[in-house]
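Residue numbers (my numbering), protein chains in the order written: chain A, 122 to 338; chain B, 5 to 258.
What follows is a short report on a single structure.
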Amino acid sequence: MRLRLGSALATAITIAIGLIVLLGLLIEPGAGQLGSNVEDSPIADVTSVLLSLTTVLLAFMILVGVLNLLGVHLLRLIGRRRGAPYSLVLIIGFGAAVGTYIARRETSMVILETVQFSIESALAGLLLFSLVFGAYRMMYRRVTWTGVLFIIVVLIVLIGALPVDVLRDIEAIAEVRAWLMEVPVSAGARGILLGIALATIVAGMRVLIGQDRSYRG
Amino acid sequence: MDDTTQAVSILFLTLTFACLVILTQFIRRRRDLFALRRIPAYESVPAMVGRSIETGRPLHLSFGSAEIGSQTTVLAAASAELAYEVTQRAAIGDSSPIITFTAGSTLPLAQDTLRRAYQYRGLSERYSAINARWLPAGENSLAFAAGVTGLLGDDRAAANVLAGSFGLELALIMEAGVRRRLPQIAVSDRLQGQAVAYVFADEPLIGEEVFAGGAYLGDSAVQVGQLVTLDILRWLLIFTLIASFAIAARNTGG
Chain A
122 MRLRLGSALA TAITIAIGLI VLLGLLIEPG AGQLGSNVED SPIADVTSVL LSLTTVLLAF
182 MILVGVLNLL GVHLLRLIGR RRGAPYSLVL IIGFGAAVGT YIARRETSMV ILETVQFSIE
242 SALAGLLLFS LVFGAYRMMY RRVTWTGVLF IIVVLIVLIG ALPVDVLRDI EAIAEVRAWL
302 MEVPVSAGAR GILLGIALAT IVAGMRVLIG QDRSYRG
Chain B
5 MDDTTQAVSI LFLTLTFACL VILTQFIRRR RDLFALRRIP AYESVPAMVG RSIETGRPLH
65 LSFGSAEIGS QTTVLAAASA ELAYEVTQRA AIGDSSPIIT FTAGSTLPLA QDTLRRAYQY
125 RGLSERYSAI NARWLPAGEN SLAFAAGVTG LLGDDRAAAN VLAGSFGLEL ALIMEAGVRR
185 RLPQIAVSDR LQGQAVAYVF ADEPLIGEEV FAGGAYLGDS AVQVGQLVTL DILRWLLIFT
245 LIASFAIAAR NTGG
């Protein structure tokens with residue numbers, strides 16, 4: 122079996138750091154039976170340093186993301202590919218935002234409030250229509266009992282949430298809505314979240330024991 | 005962290021470790037030991053890849069706001085595993101799949117996923133780093149949704165594979181996909197995004213099924229071992245919940 126040095130090194134570093142952080146979190150001073158005897162654990166200190174490094178690195182990676190975005194749009198502009206005018210707008214917008222932030226911060230805030238907020242508000246408004254369209258499409262595509270149930274529940278919850286006095290006075294709707302939110306919706310949500318949490322633990326353990334290949338290069 | 009939480013955490017981790025190691029060995033020796041149940045979304049992936057290759061249009065894959073270095077690190081790795089399996093199938097086509105995400109720290113993961121997939125096919129020269137694309141930024145980003153919507157048109161995507169962390173903004177992306185008649189599969193670790201994925205996707209995935217992508221498309225013993233371990237832990241959790249309920253009911257009754 123051929124072993125690549127880079128891959129083995131990446132695996133070793135990942136396992137070592139993963140185990141240190143896991144131990145640091147489990148045996149942190151004062152935490153449970155194991156941590157009660159630990160006053161100044163070096164593992165906890167190392168864990169703290171590693172987590173701080175991660176935070177710094179994450180902040181830096183935003184800059185890398187911005188460079189990636191600019192690179193993609195510059196290449197599109199140079200290659201005169203489809204959507205190149207939009208890329209030009211993006212690059213000009215980026216330059217204007219950075220330039221005004223450095224030269225006159227108030228102008229930068231005006232750009233943010235008049236352009237960014239307006240467009241995002243419009244998109245947020247469009248979300249409602251997208252969701253209604255989704256519900257319509259669900260029934261149009263195929264009528265299944267789960268689809269019908271989904272639509273009925275959505276309608277009851279929406280009607281129950283309408284700010285109309287006549288509907289608010291009908292106690293049955295309010296009670297059904299409250300029951301739906303407290304029992305089946307809450308149970309389903311917890312089920313999905315528990316499933317994701319379990320899968321995260323199992324996949325995380327795969328990383329710790331070197332079975333995961335997604336970072337090995 | 006109190007004593008009980010600490011003890012349960014260690015017990016849980018030990019059990020997960022033991023199951024993963026032992027089951028993987030069993031599955032390596034007998035591949036048909038555990039049958040995987042059908043997940044139609046993963047069965048539709050070859051058709052999506054075929055469509056991409058035949059039309060010469062790229063597949064669009066997205067991790068959403070899944071991020072290396074945060075609570076969604078493992079989710080990002082699972083999404084990358086799915087992206088790898090899809091990309092190495094689509095690598096023989098003219099158009100390279102495009103991966104989008106909102107977290108800067110996911111950029112190296114996405115680029116490496118594309119690079120490894122092309123390397124696996126012996127087509128490293130076709131790998132293009134700019135097909136991993138960051139869009140601004142963070143959870144529930146409408147700017148991300150707008151960017152992806154534009155990308156679907158400008159790059160003439162052939163299909164959408166949206167597996168990662170999404171909120172309601174997923175509705176805008178998937179609606180654009182529907183308008184362009186793209187086949188779509190979607191899943192999110194967040195409840196709002198999951199609800200949207202269920203409504204819009206041709207074949208929805210639910211919650212932790214995003215972690216099963218590698219096992220269904222890659223079929224390695226390690227990945228199947230992960231799924232069987234997950235099933236064992238799930239049944240254990242169900243048993244524990246029912247037992248806790250029964251004990252609490254008996255104590256209340258007594």
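Where is the CB? At the ideal position from N, CA and C, for every residue including glycine.
Residue range of the beta strand (DSSP E) that includes residue i
{"i": "Val192 of chain B", "result": "Note that residue 192 of chain B is Ser in the sequence shown, not Val. Element bounds for Ser192 of chain B: Gln188 to Ser192."}
{"i": "Gly68 of chain B", "result": "Leu63 to Gly68"}
{"i": "Phe105 of chain B", "result": "Ile102 to Phe105"}
{"i": "Gly168 of chain B", "result": "Ala163 to Ser169"}
{"i": "Asp136 of chain B", "result": "At residue 136 of chain B the sequence reads Ala, which differs from the Asp that was named. Where Ala136 of chain B is concerned, the enclosing beta strand (DSSP E) stretches over Ala136 to Trp138."}
Cβ of residue i within 9 Å of any chain A Cβ
{"i": "Gln230 of chain B", "result": "yes"}
{"i": "Ile14 of chain B", "result": "yes"}
{"i": "Phe67 of chain B", "result": "no"}
{"i": "Pro101 of chain B", "result": "no"}
{"i": "Leu221 of chain B", "result": "no"}
{"i": "Phe204 of chain B", "result": "yes"}
{"i": "Ser74 of chain B", "result": "yes"}
{"i": "Leu241 of chain B", "result": "yes"}
{"i": "Ala81 of chain B", "result": "yes"}
Pairwise C-alpha distance: residue j and residue i
{"i": "Arg194 of chain B", "j": "Gly255 of chain A", "result": "18 Å"}
{"i": "Ile280 of chain A", "j": "Val297 of chain A", "result": "11 Å"}
{"i": "Gly151 of chain B", "j": "Glu207 of chain B", "result": "24 Å"}
{"i": "Gly217 of chain B", "j": "Ala70 of chain B", "result": "16 Å"}
{"i": "Gly325 of chain A", "j": "Val78 of chain B", "result": "6 Å"}
{"i": "Ser208 of chain A", "j": "Ala217 of chain A", "result": "14 Å"}
{"i": "Arg61 of chain B", "j": "Ala80 of chain B", "result": "25 Å"}
{"i": "Thr221 of chain A", "j": "Ala136 of chain B", "result": "29 Å"}
{"i": "Leu24 of chain B", "j": "Ile242 of chain B", "result": "20 Å"}
{"i": "Asp333 of chain A", "j": "Ile277 of chain A", "result": "45 Å"}
{"i": "Leu113 of chain B", "j": "Thr256 of chain B", "result": "52 Å"}
{"i": "Pro187 of chain B", "j": "Ala84 of chain B", "result": "20 Å"}
{"i": "Thr4 of chain B", "j": "Gln230 of chain B", "result": "With chain B represented from 5 up to 258, any question about residue 4 of chain B goes unanswered, as that position is not in the structure."}
{"i": "Val177 of chain A", "j": "Thr168 of chain A", "result": "14 Å"}
{"i": "Gly211 of chain B", "j": "Arg238 of chain B", "result": "13 Å"}
{"i": "Thr321 of chain A", "j": "Val285 of chain A", "result": "43 Å"}
{"i": "Ser169 of chain B", "j": "Arg226 of chain A", "result": "33 Å"}
{"i": "Asp166 of chain A", "j": "Ala293 of chain A", "result": "57 Å"}
{"i": "Gly104 of chain B", "j": "Ala295 of chain A", "result": "A quick correction: the sequence has Thr, not Gly, at residue 104 of chain B. Approximately 42 Å, taken between the alpha carbons."}
{"i": "Thr106 of chain B", "j": "Val185 of chain A", "result": "12 Å"}
{"i": "Leu411 of chain A", "j": "Ile183 of chain A", "result": "Residue 411 of chain A is absent from the model: chain A starts at 122 and stops at 338."}
{"i": "Ala180 of chain A", "j": "Leu127 of chain B", "result": "34 Å"}
Cutoff 9 Å: residue i Cβ touching any chain B Cβ
{"i": "Ile186 of chain A", "result": "Sequence inspection shows Gly at residue 186 of chain A; the Ile mentioned does not correspond to that position. Yes, its Cβ sits closer than 9 Å to a Cβ of chain B."}
{"i": "Ile322 of chain A", "result": "yes"}
{"i": "Arg298 of chain A", "result": "no"}
{"i": "Met182 of chain A", "result": "yes"}
{"i": "Asp333 of chain A", "result": "yes"}
{"i": "Val193 of chain A", "result": "yes"}
{"i": "Thr221 of chain A", "result": "no"}
{"i": "Met230 of chain A", "result": "no"}
{"i": "Arg327 of chain A", "result": "yes"}
{"i": "Arg197 of chain A", "result": "yes"}
{"i": "Leu279 of chain A", "result": "no"}
Nearest to residue i (by Cα), restricted to the options the options
{"i": "Ala3 of chain B", "options": "B:Gln10, B:Asp36, B:Ser74 and B:Asn255", "result": "With chain B covering 5 to 258 only, the question about residue 3 of chain B has no answer from this structure."}
{"i": "Arg93 of chain B", "options": "B:Ala107, B:Gly229 and B:Leu63", "result": "B:Leu63"}
{"i": "Tyr124 of chain B", "options": "B:Glu58, B:Ala95, B:Ala114 and B:Leu17", "result": "B:Ala95"}
{"i": "Ala87 of chain B", "options": "B:Gly222, B:Arg42 and B:Leu172", "result": "B:Gly222"}
{"i": "Arg263 of chain A", "options": "B:Phe204, B:Arg130, B:Ala167 and B:Leu172", "result": "B:Phe204"}
{"i": "Leu146 of chain A", "options": "B:Phe38, B:Ser99 and B:Ile14", "result": "B:Ile14"}
{"i": "Ala190 of chain B", "options": "B:Ala51, B:Leu166, B:Pro50 and B:Gly197", "result": "B:Leu166"}
{"i": "Leu211 of chain A", "options": "A:Ser128, A:Gln237, A:Leu171 and A:Val274", "result": "A:Gln237"}
{"i": "Thr76 of chain B", "options": "A:Ile330, A:Leu314 and A:Gly331", "result": "A:Leu314"}
{"i": "Gly73 of chain B", "options": "B:Asn164, B:Ala199, B:Leu111 and B:Arg130", "result": "B:Leu111"}
Terminal residues of the alpha helix (DSSP H) in which residue i lies
{"i": "Phe16 of chain B", "result": "Asp7 to Arg33"}
{"i": "Ala80 of chain B", "result": "Thr77 to Ala94"}
{"i": "Gln227 of chain B", "result": "Ala225 to Gly257"}
{"i": "Asp53 of chain B", "result": "First, the amino acid is wrong: residue 53 of chain B is Val here, not Asp. Looking at the DSSP string, the run of the alpha helix (DSSP H) that includes Val53 of chain B is Val49 to Thr59."}
{"i": "Pro206 of chain A", "result": "Ala205 to Ala224"}
{"i": "Asn189 of chain A", "result": "Pro163 to Ile199"}
{"i": "Val274 of chain A", "result": "Trp266 to Ala282"}
{"i": "Gln237 of chain A", "result": "Per DSSP, Gln237 of chain A belongs to no alpha helix (DSSP H) and is neither H nor E."}
{"i": "Thr321 of chain A", "result": "Ser307 to Leu329"}
Chain C within 9 Å of residue i, Cβ atoms only
{"i": "Val304 of chain A", "result": "No chain C is present in this structure, whose protein chains are A and B."}
Using a Cβ cut-off of 9 Å, which residues of the stretch 20 to 52 of chain B contact any Cβ in chain A, in chain order? Thr20, Phe21, Cys23, Leu24, Val25 and Thr28
Could you name the residues of the stretch 199 to 218 of chain A whose beta carbon sits closer than 7 Å to any beta carbon of chain B, in the order they occur along the chain? Arg203, Gly204 and Tyr207
Tell me which residues of the stretch 253 to 272 of chain A have at least one Cβ-Cβ distance to chain B shorter than 7 Å, keeping chain order. Phe254, Gly255, Ala256, Arg258 and Met259
Got a sec: which bits of the stretch 238 to 250 of chain A sit with their beta carbon under 7 Å from any beta carbon on chain B, in order along the chain? Glu241, Leu244, Ala245, Leu247 and Leu248
Output needed in chain order: residues of the stretch 122 to 147 of chain A with a Cβ under 9 Å from some Cβ in chain B. Leu143, Leu146 and Leu147
Given a limit of 9 Å on CB to CB distance, which residues of the stretch 207 to 218 of chain B reach chain A? Ile210, Gly211, Glu212, Glu213, Val214, Phe215, Ala216 and Gly218
Using a Cβ cut-off of 7 Å, which residues of the stretch 163 to 175 of chain A contact any Cβ in chain B, in chain order? Thr175
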